[in-house]
Amino acid sequence: MENSTTEARNEATMHLDEMTVEEALITMNKEDQQVPLAVRKAIPQLTKVIKKTIAQYKKGGRLIYIGAGTSGRLGVLDAAECVPTFNTDPHEIIGIIAGGQHAMTMAVEGAEDHKKLAEEDLKNIDLTSKDVVIGIAASGKTPYVIGGLTFANTIGATTVSISCNEHAVISEIAQYPVEVKVGPEVLTGSTRLKSGTAQKLILNMISTITMVGVGKVYDNLMIDVKATNQKLIDRSVRNIQEICAITYDEAMALYQVSEHDVKVATVMGMCGISKEEATRRLLNNGDIVKRAIRDRQP
17 MENSTTEARN EATMHLDEMT VEEALITMNK EDQQVPLAVR KAIPQLTKVI
67 KKTIAQYKKG GRLIYIGAGT SGRLGVLDAA ECVPTFNTDP HEIIGIIAGG
117 QHAMTMAVEG AEDHKKLAEE DLKNIDLTSK DVVIGIAASG KTPYVIGGLT
167 FANTIGATTV SISCNEHAVI SEIAQYPVEV KVGPEVLTGS TRLKSGTAQK
217 LILNMISTIT MVGVGKVYDN LMIDVKATNQ KLIDRSVRNI QEICAITYDE
267 AMALYQVSEH DVKVATVMGM CGISKEEATR RLLNNGDIVK RAIRDRQP
């Protein structure tokens, strides 16, 4: 791990074990403040990543995160959250972690050290050239991630790497490398801390802005929510109410007539048209609500 900042000792926390609780909290908070600033420096690279991801998604490609340990868990988390937030199919945005689902809650010894395991995991989901594979590794040299990106390249998939060290090994493999140097961790080598925070911020950006780009958002409202509980049903109805400038009861009526499809209900309400006509307009306009509303074609 020579020249690895994620494994270096942090000069600010050399006496962490002698600090008071408040001193330790202040120190951690100060260190954490460096993370969004480091992520900001990667925006030019992330812009390229997201533009490519949007393009591939529109072609029927999938977004696939692959990682080990904390990095893998963060990928699985982000993928899982996209289902209720953006009504994506569970097979459209996928998180793969070394060691399988068991590794989400328990350490799977040695799983991250096997390149071939990642290849097998990607073969199991029938990886194609349309897909985008994002390899996540704080160190930038995790064998599992190296194996996954290498295999994805042979398939012709788009490959992206996210690491927290400069000159990372995975940066040499990925077509779109992203390096965010957050500096040494408060607790030496514990990359679940600043590195994990940076990765979470980046995954938030990638999934959210990609979904904006494919029409899952109206203004800053979630227009394609999969309402799996009462809170989300209420949010869906209130979004219709907000966009269409109608009462809650009127919005609920549209929601029910549309068979709980917020996009269809919104176009119905804004244009005063039937469910069938709203569905047709969305189909003809790439499922983009604003385009469907502006569509006056017979």
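Residue 17 is where the sequence shown starts when you use my numbering, and the numbers rise one by one after that.
Where a beta carbon is used, it is the ideal one built from N, C-alpha and C, also for glycine.
Just measuring C-alpha positions, the residue of V196, L138, I162, Q246 sitting nearest K131 is I162. Residue pairing for Y81: DSSP places it in a beta bridge opposite G111, I150. For L209, the three-state secondary structure derived from DSSP is coil.
Bounds of the alpha helix (DSSP H) holding V305 are 305–310. Cβ atoms of V65 and A214 stay farther apart than 8 Å, at about 15 Å. Judged by their CB atoms, G151 and I186 are nearer to each other than the 7 Å cut-off. In this structure, the alpha-carbon of S206 lies about 11 Å from that of N26. Within the model, the alpha-carbon separation for T144 versus T69 is close to 14 Å.
Annotated three-state conformation of V51 is helix, per DSSP.
In the three-state scheme derived from DSSP, where H, G and I count as helix and E and B as strand, S179 is classed as strand.
Shown here, P100 sits in a helix according to DSSP, grouped into three states.
Taking the CA atoms as reference points, H276 sits about 39 Å from E135. Using a 10 angstroms sphere on the CB of V280, the tally of other CB atoms reaches 16 or more, which defines it as buried.
Under DSSP, E195 shares a beta bridge with S179.
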